[in-house]
Amino acid sequence: MTRILEVDPRDDGALRAWYDVLHAGAIGDRTAPIVSTYPAMAYSLRYPGPTLRRLAVAADEGGQSVGALLFELPLKEALATVAVEIDVPPPHRRRGLGSALWAWALERAERENRTI
1 MTRILEVDPR
11 DDGALRAWYD
21 VLHAGAIGDR
31 TAPIVSTYPA
41 MAYSLRYPGP
51 TLRRLAVAAD
61 EGGQSVGALL
71 FELPLKEALA
81 TVAVEIDVPP
91 PHRRRGLGSA
101 LWAWALERAE
111 RENRTI
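Residues in the sequence shown are numbered consecutively from 1, following my numbering.
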């Protein structure tokens, strides 16, 4: 069973597992992907700045991250919107993980009174 979980950015193991899935999904089957480094991503999640708040969200199956969502809330401009990135590594694609992450993003955006 797939669970969609927010990842605590202070939990090094969980955050690294989430990032590894995000990275694998972002580069899988893509010609020229652009992906932030783990230190840069971890810092941005742990120490949000005044213009953007980011949430790491994982699709979890049996304690293993199999899909990743980066949920970004602007704090200065475009306050009615959120940006999302959904990445699923090639071995886990076509199983509804991206759709489950998208559904979570839609629900959270609605709770924040924002649109994607």
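Idealized CB from N, CA, C, for every residue including glycine.
Any chain C beta carbon closer than 9 Å to residue i
i: R93; result: Checking the listed chains, one finds no chain C in this structure; it contains a single protein chain.
Terminal residues of the beta strand (DSSP E) in which residue i lies
i: G98; result: G98 -> not in any beta strand (DSSP E); alpha helix (DSSP H) instead, spanning L97 to R111.
i: P74; result: Q64 to P74
i: A83; result: A83 to D87
i: T2; result: T2 to E6
Burial state of residue i (16 or more Cβ within 10 Å)
i: P33; result: exposed
i: L75; result: exposed
i: P89; result: buried
i: R108; result: buried
i: D29; result: exposed
i: G62; result: exposed
i: Y47; result: exposed
i: S11; result: Reading the sequence as shown, one finds Asp at residue 11 and not Ser. The residue in question, D11, is exposed, as its Cβ has fewer than 16 Cβ neighbours within 10 Å.
Close Cβ partners of residue i (< 7 Å) along its chain, the five nearest in sequence each way excluded
i: I128; result: The structure shown does not extend to residue 128, since the chain is modelled only from 1 to 116, so the question has no answer here.
i: M41; result: Y19
i: D8; result: A14
Residue i - containing alpha helix (DSSP H), residue span
i: P50; result: Here P50 belongs to no alpha helix (DSSP H), and DSSP marks it neither H nor E.
i: R46; result: Y38 to R46
Where residue i falls: helix, strand or coil (DSSP)
i: V21; result: helix
i: D60; result: strand
Cβ neighbours of residue i in the same chain (closer than 8 Å, five flanking residues each side left out)
i: I116; result: T81, V82, A83, V84, A105, L106 and A109
6 Å Cβ shell around residue i - same chain, five flanking residues per side excluded
i: Y38; result: Y19
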